[in-house]
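There are 2 protein chains.
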Amino acid sequence: MAKTTLKRAGAPAGAGAPMSATGGKLPAERAQARRFGKTRSAQSSAVLEDYVELIADLLAESGEARPTDIARRVGVSHATAIKTIARLKRDGMATSKPYRGVFLTPAGEALAERVRVRHRLVVDLLLAIGVPAEAAEADAEGIEHHVSDATLKVFTQFLQQKP
Amino acid sequence: MAKTTLKRAGAPAGAGAPMSATGGKLPAERAQARRFGKTRSAQSSAVLEDYVELIADLLAESGEARPTDIARRVGVSHATAIKTIARLKRDGMATSKPYRGVFLTPAGEALAERVRVRHRLVVDLLLAIGVPAEAAEADAEGIEHHVSDATLKVFTQFLQQKP
DNA sequence: TTGAAAGTGTAGCCTAGGCTACATTCCGTG
DNA sequence: CACGGAATGTAGCCTAGGCTACACTTTCAA
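Here the protein sequences line up with chains A and B, keeping their order. Per my numbering, residue 520 is the first one in the first sequence, and the count goes up by one each step. Per my numbering, residue 520 is the first one in the second sequence, and the count goes up by one each step.
Put into structure tokens, the structure is as follows:
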């Protein structure tokens, strides 16, 4: 392929499929773009998911979730934590009154539960495959936000059929 | 501080990790913070890794990597792509001259190779577990940036022992 | 050869998510 | 009961990563 310098050459290689009038995008190209887009939006909500899960943990553990504790656990400054909590409130996931700690709305609790289940599942899968506990826990933190429901279901099946 | 009404009971009860009270500052808390921090930095470089891999692909396919093609594949505007390419150049991963396409430096090529191998491995693992091809490809895009070397090695072993 | 289309680059704006510095509130003790 | 330290909140700044709008090259085709 490779016409030469900056030349457009007919079809960008691997194609085989005709291009629709959609600006000339090949299906494979669009699929790839879609994947990247999905990855981006998953990243967007990753931090919020982590906060919600953590708040739920703190509430369960000690009955309260304070900005400073959250900040310490997440490893950011308290100012950052407070700002993120504000976003959580804006999105209807949490509530709080000045100097009174943070609580989850029903929506927030539901999200926390989903996140917790997913986290567990990812960690268990990594363990089942043979990843050492510490690495499993660490990697799961980043991985979990990018596992689709379909894949999650497969994970469950895999874990069941496995002794 | 802290031992006020808003106290955080001695040990964070429910945590999955057994953590031996190694003195001072609740190691589990610090470990968690460290994990979150690692996740954050992985995210930071994720976009750049994707670009490098994509540029390598385009160069291999057609001998050139143009901002517009990159933008289309990633699913962002060309302006965004150009800005990211600038960051790539700043970081010593790529080179380019106005209107002449983008190329990788040796460092960029090395990174691309590493990323490609890792991507392959993640996709293969997902497939081996039973994830449908489409979901595997889509999820891998987000997951791969969060898989540690240790975990990657385990993936390799798992794939080898598996027919 | 020239002009329009396509690609490239620049400027300016936005949000998320970090930070530090400073101001304010709370609350256990002295 | 007042005070000081910790927690909380606010303001302002920064980078990454998006976008649109506009300006400028390059290339191709008439």
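The beta carbon of each residue, even a glycine, is placed where N, CA and C say it ideally should be.
Less than 8 Å between CB atoms is the rule here; does T541/A satisfy it with respect to chain B? Residue numbering aside, residue 541/A sits at position 22 when the first sequence is read from its first letter. Only weak support is given to the placement of T541/A: the predicted model assigns it a pLDDT of 36, under 50, and the value that follows is read from those uncertain coordinates. No, T541/A lies away from the interface with chain B (no Cβ there is under 8 Å from its Cβ).
If you draw a straight line from the C-alpha of Q562/A to the C-alpha of K616/B, how long is it? On the first sequence, residue 562/A is found 43 positions in, with the first residue counted as 1. On the second sequence, residue 616/B is found 97 positions in, with the first residue counted as 1. Each residue's alpha carbon lies about 32 Å from the other.
Taking the C-alpha atoms as reference points, what is the distance between L578/A and A575/B? Taking the first sequence and counting its residues from 1, one reaches residue 578/A at position 59. Taking the second sequence and counting its residues from 1, one reaches residue 575/B at position 56. Their backbone Cα atoms lie some 48 Å apart in a straight line.
In whole angstroms, what is the alpha-carbon distance linking T675/A and R609/B? Walking along the first sequence from the start, residue 675/A turns up at place 156. Walking along the second sequence from the start, residue 609/B turns up at place 90. Rounded to the nearest angstrom, the two C-alpha atoms are 43 Å apart.
If you run the structure through DSSP and keep just helix, strand and coil, what is V621/B? The residue you call residue 621/B lines up with position 102 of the second sequence. DSSP places V621/B in strand when its eight states are reduced to three.
Does the contact criterion of 3 or more C-beta pairs under 8 Å hold for the segment 657 to 664 of chain B versus the segment 546 to 564 of chain A? yes
Answer yes or no: does any C-beta atom of chain B fall closer than 8 Å to that of F622/A? As a working mapping, residue 622/A is identified with position 103 in the first sequence. Against chain B, the CB of F622/A has no partner CB under 8 Å away; the residue lies outside that interface.
C-beta contact flag for R585/B and G627/B at 8 Å: Indexing the second sequence from 1 puts residue 585/B at position 66. Indexing the second sequence from 1 puts residue 627/B at position 108. Taking 8 Å as the Cβ cut-off, R585/B and G627/B do not qualify as a contacting pair.
Contacts of R592/B in chain A (Cβ-Cβ under 9 Å): Along the second sequence, read from residue 1 onward, the residue named residue 592/B stands at position 73. Here the neighbours are E548, Q551, A552, F555.
Can you check the segment 614 to 658 of chain A for any beta strand (DSSP E) of at least 3 residues that lies completely inside it and give the ranges in chain order? 621 to 623
What three-state label does DSSP hand D610/B in the structure shown? As a working mapping, residue 610/B is identified with position 91 in the second sequence. Annotated three-state conformation of D610/B is coil, per DSSP.
Residues that P617/B contacts on chain A, provided the C-beta gap is smaller than 9 Å: For this step, residue 617/B is matched to residue 98 along the second sequence. Chain A residues near P617/B: none, gap ~12 Å exceeds 9 Å.
Chain A beta carbons: is any one of them nearer than 8 Å to that of T558/B? The count along the second sequence starts at 1 and reaches residue 558/B at position 39. Cβ-Cβ to chain A under 8 Å: yes for T558/B.
Three-way DSSP call (helix, strand, coil) for A584/A in this model: Start at 1 with the first residue of the first sequence, and residue 584/A comes out as number 65. Of the three classes helix, strand and coil, the one that applies to A584/A here is coil, per DSSP.
Look up V666/A in the DSSP assignment and say whether it is helix, strand or coil. On the first sequence, residue 666/A is found 147 positions in, with the first residue counted as 1. Three-state DSSP puts V666/A in coil, outside helix and strand.
Per-residue contacts from L640/B into chain A (C-beta, under 9 Å): Taking the first residue of the second sequence as 1, we reach residue 640/B at position 121. Neighbours of L640/B on chain A: none; closest Cβ ~12 Å, over 9 Å.
Does Q551/B pass the burial test, meaning 16 or more other C-beta atoms within 10 Å, or should it be called exposed? The residue given as residue 551/B occupies position 32 in the second sequence. Around the beta carbon of Q551/B, a 10 Å sphere encloses 16 or more other beta carbons of the protein chains shown; the residue is thus reported as buried.
Mind pulling the chain A residues with CB within less than 8 Å of T670/B? Position 151 of the second sequence, counted from the first residue, corresponds to residue 670/B. L645, V650, A654, A655, D658, listed in chain order.
Using three-state DSSP, classify G594/A as helix, strand or coil. In the first sequence, counting from the first residue as 1, residue 594/A sits at position 75. Looking at G594/A - three-state DSSP - the assignment turns out to be coil, as it is neither helix nor strand.
For a test of the three-state rule: what should DSSP assign to K557/B, helix, strand or coil? Along the second sequence, one-based indexing puts residue 557/B at 38. Three-state result, K557/B: helix.
Does any residue of chain A have a CB that is nearer than 8 Å to the CB of I574/B? Here residue 574/B corresponds to residue number 55 of the second sequence, with the count starting at 1. False, the Cβ-Cβ gap to chain A never drops below 8 Å.
Can you round the beta-carbon distance between L671/B and R639/B to whole angstroms, since I take them to be within the 8 Å contact cut? Position 152 of the second sequence, counted from the start, is the residue given in the question as residue 671/B. Position 120 of the second sequence, counted from the start, is the residue given in the question as residue 639/B. Here L671/B is actually not in contact with R639/B; their C-beta atoms are around 11 Å apart, not less than 8 Å.
To which residues of the same chain is A655/A closer than 6 Å at the C-beta, ignoring the five residues directly before and after it? On the first sequence, position 136 is the one that residue 655/A refers to. Within the same chain, A655/A has close Cβ partners V642, L645, L646.
Sequence-distant residues of its chain with Cβ nearer than 8 Å to V571/B (five each side left out): Within the second sequence, residue 571/B is the residue found at index 52, counting from 1. Only L607, M612, A613, L623, G627, L630, A631, V634 meet the Cβ criterion.
Cβ closer than 8 Å: which chain A residues qualify as neighbours of S667/B? Indexing the second sequence from 1 puts residue 667/B at position 148. Result: A654, A657, D658.
Alpha carbon to alpha carbon, how far is E501/B from Q680/B? With chain B covering only 520 through 682, there is no way to say anything about residue 501/B.
Here's the rule: buried if 16 or more other CB atoms are within 10 angstroms of the residue's CB, otherwise exposed. What is R592/B? Position 73 of the second sequence, counted from the start, is the residue given in the question as residue 592/B. Buried is the call here.
Indicate whether at least one CB of chain A lies closer than 8 Å to the CB of A561/B. On the second sequence, position 42 is the one that residue 561/B refers to. With a threshold of 8 Å between beta carbons, A561/B makes contact with chain A.
Give the secondary structure of G543/B by DSSP, where H, G and I count as helix, E and B as strand, and everything else as coil. To locate residue 543/B, count along the second sequence from 1; it is residue 24. With a pLDDT of 40 at G543/B, under the threshold of 50, the modelled position of this residue cannot be trusted; read the value that follows with caution. Three-state result, G543/B: coil.
Reference A669/A, options G594/B, P651/B, I604/B, Y618/B, closest by Cα: Taking the first residue of the first sequence as position 1, residue 669/A is located at position 150. Of the candidates G594/B, P651/B, I604/B, Y618/B, the one whose C-alpha sits nearest the C-alpha of A669/A is P651/B.
Report the neighbours of V673/A on chain B: residues whose CB is nearer than 7 Å to its CB, in chain order. Here residue 673/A corresponds to residue number 154 of the first sequence, with the count starting at 1. Around V673/A, the beta-carbon contacts reaching into chain B at under 7 Å are I648, G649, V650.
Can you give me the Cβ contacts of F677/A inside the same chain, cut-off strictly under 8 Å, excluding the 5 residues immediately before and after it? Your numbering for residue 677/A matches position 158 in the first sequence. Closer than 8 Å at Cβ, skipping near neighbours: L644, A647.
By DSSP, does K681/A sit in helix, in strand, or in coil? Here residue 681/A is taken as the residue at index 162 of the first sequence, counted from 1. Residue state, collapsed to three classes: coil.
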